[in-house]
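Q:
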Amino acid sequence: MKIDSICCIGAGYVGGPTMAVIAQKCPDIKVTVVDLNEARIAAWNDTDLNKLPVYEPGLAEVVKEARGRNLFFSTEVDKAIDEAQMIFISVNTPTKMYGAGKGMAADLKYIELCARQIARVAKSDKIVVEKSTLPVRTAEAIKSILDNTGNGVNFQILSNPEFLAEGTAVQDLHNPDRVLIGGNDPEAIQALAEVYGRWVPQERILTTNVWSSELSKLTANAFLAQRVSSINAISELCEKTEADVSEVAKAIGMDSRIGSKFLKASVGFGGSCFQKDILNLVYIAKSYGLHEVADYWEQVVIMNDHQKHRFAKNIVRTLYNTVSGKKIAMLGWAFKKDTNDTRESAAINVAQDLINEEAKVVVYDPKVEKSQIEFDLGNQSEAIAVETNPYEACKNAHAIAILTEWDEFTTYDWQKIYDSMLKPAFVFDGRNILDKQKMKDIGFVYNAVGSSN
Ligand code: NAD
Ligand code: UDX
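In terms of our numbering, the sequence shown opens at residue 519 and continues consecutively.
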């Protein structure tokens, strides 16, 4: 079957960029991205490409090329479902915050709503593609809803998890390590494989059964996060022993069995995926009575929480055990560079810990809006100030904390910043992006993650 119309439910960090690239690479396929959130759809349709709701390097160019040609953003969900042969579900699957599995299980209410809506609206056969990250065996639930509430049409379900990382989404979509398609029906699998086959080499399109595909996504994130927690655990040991975590990471990473990626010690991993997906994996293991398996993976999250709080505690301890009334400049709020996403950013925890210690926290981030920063802190806007100029943020500060590895931070005039600060001038580099020796030569008391001073 040749696909000529696609609908994607959910115009977020995954649905938006993924569909923009599919539309760019397949000009003959009509791609409609729908969302309930009117403001978000309006932003995707904004003529000013700086106003797109998702900031990703290279995304504006892709949207510019395809939007209005074969890429459309709309709030008319029913219409888009009706017209499409293939429907991607790319809605959010956050950690459930109520009832059974609270704080751990994935909340699948948005997924179920989509399935019921598709069932109600569809009047012709559809291929339904799970793009969201879902617990293993969700396809079974979706199939049951579709078959029991539908209009007698035929539904095929595929699992096609997305492996893009924010900040490099367009690059990852253009050149994926692999595309994973899980399904039972060879024709449906083939139809989706042909879409990706327009630009992804055949050998990188991997097909599996649905359950392996669903479980592979949670597993991939758990393994990646585990590496960050592993190196972060070693970073604390380095600080006690005069070993240097960057040197240790380099030394172990050159072992090809280990590899060099995802070994950067940091203030802790953030983002909408790692914590949520590991907790979901832990919950699934528990629900099968696999307590050792659950405890093993939960430790990755426990270690990460420890790393975030440890960073804030170290600031307080170094500033003579009190930050009350002291100005602390936080550079970076996003959970990593090159994105405006702040979900689960370590910066939020660090800021909250410092606010609890009565510090005067001032934040600067090149891409995150003031309203978002205030929202992340539960709208206690009086507790925090936001600056749009980094030099202003650092002026008269006792300390600077670097929370995100934005490239621009390395290009600042650090002498000028030093001159404007109170002395001793402390820098806590949560990303190890600055040159330790240069910072010390200027006069800073420089603290990195994973090395002693
Ligand atoms: P997001 O919150 O940015 O976007 C989800 C969108 O879905 C929202 O705009 C929301 O309004 C919309 N939505 C929810 N229910 C809807 C409904 N019934 N009808 C229409 N629209 C609806 O989330 P995201 O970051 O794009 O993540 C989506 C999924 O992809 C999640 O399962 C996530 O785990 C997975 N994922 C995310 C990433 C990432 O880096 N963000 C990477 C891989 C996979
Ligand atoms: C992740 C996965 O990488 C991606 O494949 C999946 O589809 C979605 O989840 P993302 O959350 O966008 O992507 O970012 P990622 O680059 O994985 O970083 C996650 C967090 O780990 C960030 O806070 C990052 O700063 C941190 N990190 C990453 C480290 O602290 N050290 C590292 O070495 C790598």
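Where is the CB? At the ideal position from N, CA and C, for every residue including glycine.
Measure from the alpha carbon of alanine 783 to the alpha carbon of each residue in Ala966, Asp546, Gly533, then state which is nearest.
A: Minimum Cα distance to alanine 783 is reached at Ala966.
Q: Helix, strand or coil for valine 868 per DSSP?
A: Valine 868: helix per DSSP, three-state reduction.
Q: Identify whether leucine 589 lies in helix, strand or coil by the three-state DSSP scheme.
A: Strand.
Q: Whole angstroms are fine: how far does the CA of aspartate 600 sit from the CA of valine 639?
A: So the alpha carbons of these two residues sit roughly 6 Å apart.
Q: Compute the minimum distance between the beta carbon of glycine 715 and the heavy atoms of the ligand NAD, and state whether it is under 7 Å.
A: For the ligand NAD, not one heavy atom lies less than 7 Å from the Cβ of glycine 715.
Q: Taking isoleucine 951 and glutamate 923 to be in contact with their CB atoms under 8 Å, please state how far apart those CB atoms are, rounded to whole angstroms.
A: Right, their Cβ atoms sit about 5 Å apart.
Q: Can phenylalanine 787 and valine 746 be called in contact, C-beta distance under 8 Å?
A: Taking 8 Å as the Cβ cut-off, phenylalanine 787 and valine 746 qualify as a contacting pair.
Q: What does the shell around the ligand UDX hold, if a residue joins when its beta-carbon is under 5 Å from any heavy atom?
A: Result (chain order): Phe681, Ala683, Glu684, Val746, Phe780, Lys782, Ser784, Phe787, Gly788, Gly789, Cys791, Phe853, Lys854.
Q: What's the C-alpha gap between glutamate 684 and valine 886?
A: Distance between the alpha carbons of glutamate 684 and valine 886 is about 14 Å.
Q: Since leucine 724 and leucine 698 are thought to touch, with beta carbons under 8 Å apart, how far apart are those beta carbons, to the nearest angstrom?
A: Their Cβ separation, rounded to whole angstroms, is 5 Å, which keeps leucine 724 and leucine 698 in contact under 8 Å.
Q: Considering only residues of the same chain and omitting the five flanking positions on each side of valine 718, which have a CB-CB separation below 7 Å?
A: The answer, listed in chain order, is Pro694, Val697.
Q: When we look at the beta-carbon of glycine 617 and count the other beta-carbons within 10 Å, is it buried (16 or more) or exposed?
A: With fewer than 16 Cβ atoms within 10 Å of its Cβ, glycine 617 is classed as exposed.
Q: Would you tell me roughly how many angstroms separate the C-alpha atoms of asparagine 832 and valine 879, rounded to the nearest one?
A: Computed Cα separation, rounded: 16 Å.
Q: Between the alpha carbons of aspartate 773 and glutamate 754, how many angstroms are there, rounded?
A: So the alpha carbons of these two residues sit roughly 22 Å apart.
Q: Glycine 576: which of Gln689, Ile645, Asp566, Ile559 sits nearest, CA to CA?
A: Looking at the Cα atoms, Gln689 is the closest of the given residues.
Q: Of the residues Met939, Pro942, Tyr909, Asn563, which one's Cα is nearest the Cα of glutamate 926?
A: Nearest C-alpha to glutamate 926: Tyr909.
Q: Jot down the residue ranges of each uninterrupted alpha helix (DSSP H) in the segment 782 to 817, minimum 4 residues, whole runs only, in chain order.
A: If we require 4 residues or more, the alpha helix (DSSP H) runs fully inside the segment 782 to 817 come out as 792 to 805.
Q: Are leucine 652 and isoleucine 629 closer than 8 Å when you measure CB to CB?
A: A contact, by the Cβ cut-off of 8 Å.
Q: Taking just the CA atoms, how far does lysine 597 sit from glycine 670?
A: If I take the Cα positions, the gap works out to 19 Å.
Q: Mind reading off the beta-carbon distance from methionine 973 to leucine 895? Whole number of angstroms is fine, and I expect it under 8 Å.
A: With the chain running from 519 to 971 in the structure shown, residue 973 is simply not present.
Q: Name, in chain order, the residues that DSSP records as bridge partners for glutamine 674.
A: Bridge partners of glutamine 674: Ile645.
Q: Compute the minimum distance between the beta carbon of lysine 649 and the heavy atoms of the ligand PLP, and state whether it is under 7 Å.
A: The model depicted lacks the ligand PLP and carries the ligand NAD and the ligand UDX instead.
Q: Any idea if proline 704 is buried or exposed, counting beta-carbon neighbours within 10 angstroms, 16 or more meaning buried?
A: When all chains shown are included, proline 704 counts as exposed.
Q: Could you give the DSSP three-state label for lysine 845: helix, strand or coil?
A: Strand at lysine 845.
Q: Can you tell me whether asparagine 798 is buried or exposed? The criterion is at least 16 other CB atoms within 10 Å of its CB, across all chains shown.
A: Burial call: buried.
Q: Give the range of the beta strand (DSSP E) segment to which leucine 724 is assigned.
A: Taken as a continuous stretch (DSSP letters only), the beta strand (DSSP E) holding leucine 724 covers 723 to 726.
Q: Report yes if the C-beta of cysteine 526 is less than 7 Å from at least one heavy atom of the ligand NAD; otherwise report no.
A: No; taking the cut-off as 7 Å, the Cβ of cysteine 526 has no heavy atom of the ligand NAD nearer than that.
Q: Closer than 8 Å by C-beta to lysine 462: which residues in its own chain qualify, once you throw out the five before and the five after it? Chain order, please.
A: Residue numbering for the chain in the displayed model covers 519 to 971; residue 462 lies beyond these limits and cannot be assessed.
Q: For valine 639, does the three-state DSSP call read helix, strand or coil?
A: Valine 639: helix per DSSP, three-state reduction.
Q: Can you tell me where the alpha helix (DSSP H) holding tyrosine 714 begins and where it ends?
A: Note, tyrosine 714: alpha helix (DSSP H), 704 to 714.
Q: State yes or no: is the C-beta of valine 539 within less than 8 Å of the C-beta of valine 580?
A: Taking 8 Å as the Cβ cut-off, valine 539 and valine 580 qualify as a contacting pair.
Q: Quick check: the segment 733 to 751 against the segment 822 to 831, are at least 3 beta-carbon pairs closer than 8 Å?
A: Judged by Cβ distances under 8 Å, the segment 822 to 831 makes contact with the segment 733 to 751, as three or more pairs qualify.
Q: Looking at glutamate 757: is its Cβ nearer than 8 Å to the Cβ of serine 969?
A: Yes. Within cutoff.
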